[in-house]
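Peer 1: Mind looking over this structure? Questions follow.
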Amino acid sequence: MEQLGFDQLLDQQARKEFHDGLRDDPVPFTPDNCAATFGNIWTNRRDLYLRGIANVFAKLDRRFRSHNGFKIGARLIIDRALNEWGSWDRYERRDTLRDVERVFLELDEKPPVSEGHSIASQVADAARVRGSLPTVIEGDYFRVRVFKNGNLHIWFERDDLLQSVNLLLAEYYGEAIGDGYETTEAEAAPAYHITPAKNFGAFMTSPEIAAQVIEHARISKGQRVLEPSAGKAALASAARNAGADVTCVELQPGFAHELRVIHGFADAIEGDFLALDPAHYAPFDAVIMNPPFDRGRDCDHVRHALAFLKPGGVLVAIMSARAEYGEDQRHKALHRMIAGCEAIYFHGRKWIDLPPGSFAHAGTNVNTVLLAIRKPG
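Here the sequence shown stands for residues 791 to 1167, where the numbers follow my numbering.
See the structure below:
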């Protein structure tokens, strides 16, 4: 592997998986197995490269879980990065910063720097001179403010390289950069979108994710449940199997027909959910949903769905990772609305990460989260 240079094509995750496989389930060393292994690596080298970048930047800051979540000029904060002696408190944080620096050097077409000259080492060296803190370290790619309590405030110095990273993330996540590198259609909002999402934003829910939604929503027998973008009935069927009385809404006529005829949902409404008036429906115990993501439409759907809930009702929505930290007016409107809602669980987390690749079956690596909240009342 190393002699042929194939180890350089593996990201950290793939390298770990490869070595774990050799240890736990080694395959016979044959020409055919070698050809299959190296052929697979070569065929997927671009995806491995992009995944490595996505993993590294997402470790540095959650906003990089979306290609346009981290805005140019934004600051990131690493709490308690350094201990009282000026050493890194957790070495994975140091390694992550080193990996990010390596990516910038590669994009800038410059050779790697030694450990002693890395930004991570410069930060630690400055932190050991306690009387000089707080202090600022300025490098080619980072400006880092080091505080006495070990916190780091970091700014990226090269906007062009940051934009290149966002483009690579967009390629990997399968998101179109037109969906808002610097803004979305929502800046003049927070009115709802009046046109459907591209291809109706249809990324169907897998049975595994549907089961998680039902578990988080705590769907039980006899509850009235609304599924506003029912599609192929993955969530609706899971809720019905849990004993709920489910009302479905579906924009596409073909899917609406299937909901009624094939899946047997008598209460399947064909139409645009955003056009429905909640005053015409008795409040629901729960809303479970996988709305379209593009251009903040998931925010529109969630805000509208809350109006259909009874006081104390729960909502669990599959959303783009960007929904948690988007800064345009559409996302801010969502954040204001859910600020008064409770997290369903005692730990107080309204946003729950779904596993990477949760929608790989639908042809996208976009990161997703669950919003799990209870309406006040």
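The C-beta atom is built at its ideal place from N, Cα and C for all residues, glycine as well.
Using a Cβ-Cβ cutoff of less than 8 angstroms, which residues in the same chain neighbour V1104 once the five nearest sequence positions on both sides are dropped?
Peer 2: Closer than 8 angstroms at Cβ, skipping near neighbours: A1007, R1008, D1075, A1076, V1077, I1134, A1162, I1163, R1164 and K1165.
Peer 1: List in chain order: all unbroken alpha helix (DSSP H) runs of 4+ residues lying wholly within the region 862-931.
Peer 2: Listed in chain order, they are 881-897 and 909-917.
Peer 1: Touching or not, the region 1057-1067 and the region 993-1001, by the rule of three or more beta carbon pairs under 8 angstroms?
Peer 2: No, the region 1057-1067 is not in contact with the region 993-1001.
Peer 1: Using CA atoms only, rank isn't needed, just tell me which of P1082, A1129 and Q1119 is closest to A1107.
Peer 2: Measuring from the Cα of A1107, the nearest candidate turns out to be P1082.
Peer 1: By Cβ distance below 6 angstroms, which residues in the same chain neighbour W945 in space, the five residues on each side in sequence not counted?
Peer 2: Cβ neighbours of W945 beyond the five flanking positions: R865 and R933.
Peer 1: Measure the C-alpha to C-alpha separation of S996 and A1028 and round it to an integer number of angstroms.
Peer 2: If you take the alpha carbons of S996 and A1028, they lie about 11 angstroms apart.
Peer 1: Is the Cβ-Cβ distance between G859 and A1111 less than 8 angstroms?
Peer 2: Cβ distance < 8 angstroms, so G859 and A1111 count as in contact.
Peer 1: Go through its chain and collect everything with a Cβ distance to P902's Cβ below 8 angstroms, but skip five positions before and after it.
Peer 2: Counting only Cβ-Cβ distances below 8 angstroms, and skipping sequence neighbours, we find R892 and L895.
Peer 1: With a cut-off of 8 angstroms, do at least 3 Cβ pairs link the region 837-855 to the region 875-894?
Peer 2: Output reads yes: the region 875-894 touches the region 837-855.
Peer 1: Around the Cβ of R813, are there at least 16 other Cβ atoms within 10 angstroms (buried) or fewer (exposed)?
Peer 2: The residue is exposed, with fewer than 16 neighbouring Cβ atoms inside 10 Å.
Peer 1: Taking all protein chains shown into account, decide if V1015 is buried (16 or more other Cβ within 10 angstroms of its Cβ) or exposed.
Peer 2: Label assigned to V1015: buried.
Peer 1: Could you pull the DSSP bridge partners for E1040 from this structure?
Peer 2: DSSP output for E1040 lists E1060 as bridge partner(s).
Peer 1: Can you tell me whether I868 is buried or exposed, with buried defined as 16 or more other CB within 10 angstroms of its CB?
Peer 2: Under this definition I868 is a buried residue.
Peer 1: Specify, as a first and last residue, the run of the beta strand (DSSP E) that D1075 falls within.
Peer 2: From DSSP, the beta strand (DSSP E) with D1075 extends over F1074 to M1079.
Peer 1: For T820, count neighbouring C-beta atoms within 10 Å of its own C-beta (all shown protein chains included) and say buried if the count is 16 or more, exposed if not.
Peer 2: The residue in question, T820, is exposed, as its Cβ has fewer than 16 Cβ neighbours within 10 Å.
Peer 1: For S908, which residues in the same chain have their Cβ closer than 7 angstroms to its Cβ, ignoring the five residues on either side in sequence?
Peer 2: If we look at S908 and ignore the five residues flanking it on each side, its Cβ neighbours are R888 and E891.
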